[in-house]
Amino acid sequence: MEVVRLTSPSHTPTELQFIGLSRNVEASISNHRKFVPELCISVKVGALGEPDRAVLTQAWKSWMDGSGKVPPGTESENTTWVWQPPTTDLRLTPIRHMHVPLEELIDRW
């Protein structure tokens with residue numbers, strides 16, 4: 003588990019944008035760079051191994067306290083940094099050995 007800190011250009015050389023926890027830092031950073039590249043200028047990672055929740059919480063709070071303010075991407079209403087994979091369309095196809103037509107099952111439901 004790692005604590006991730008991402009910064010972007012602003013009026014200051016690098017303005018802190020997001021502090022989060024990740025089990026797969028490579029995938030997290032890759033997604034951030036893919037979906038919000040303009041906000042990803044530098045990354046700082048702190049490796050924590052596999053600690054318990056208290057250690058993770060303390061590490062996250064320490065980084066937050068060190069920043070002096072809540073980064074915009076870490077605010078609860080901000081969804082810029084929380085990437086959700088798109089859902090795939092549900093496709094209904096016949097099932098082998100099914101004796102009731104699929105359309106009839108849908109109508110019953």
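Numbering (this note's numbering), first residue to last: 3 to 111.
The beta-carbon is built from N, C-alpha and C at its ideal position, and this holds for glycine as well.
query: Leaving out five residues on either side along the sequence, give the residues of the same chain with a beta carbon under 6 Å from the beta carbon of GLY75.; result: GLN19, PHE20, THR82, TRP83
query: Between GLY48 and chain B, is any beta-carbon pair separated by less than 7 Å?; result: This model lacks chain B altogether; it includes just one protein chain.
query: With a threshold of 16 other CB atoms inside 10 Å of the CB of ILE108, please say whether the residue is buried or exposed.; result: exposed
query: At the level of alpha carbons, what is the spacing between ASN80 and GLU105?; result: 42 Å
query: For GLY22 and TRP62, I'd like the C-alpha separation in whole angstroms.; result: 7 Å
query: For LYS63, does the three-state DSSP call read helix, strand or coil?; result: helix
query: Taking the alpha helix (DSSP H) that SER32 belongs to, which residues open and close that run?; result: 27 to 37
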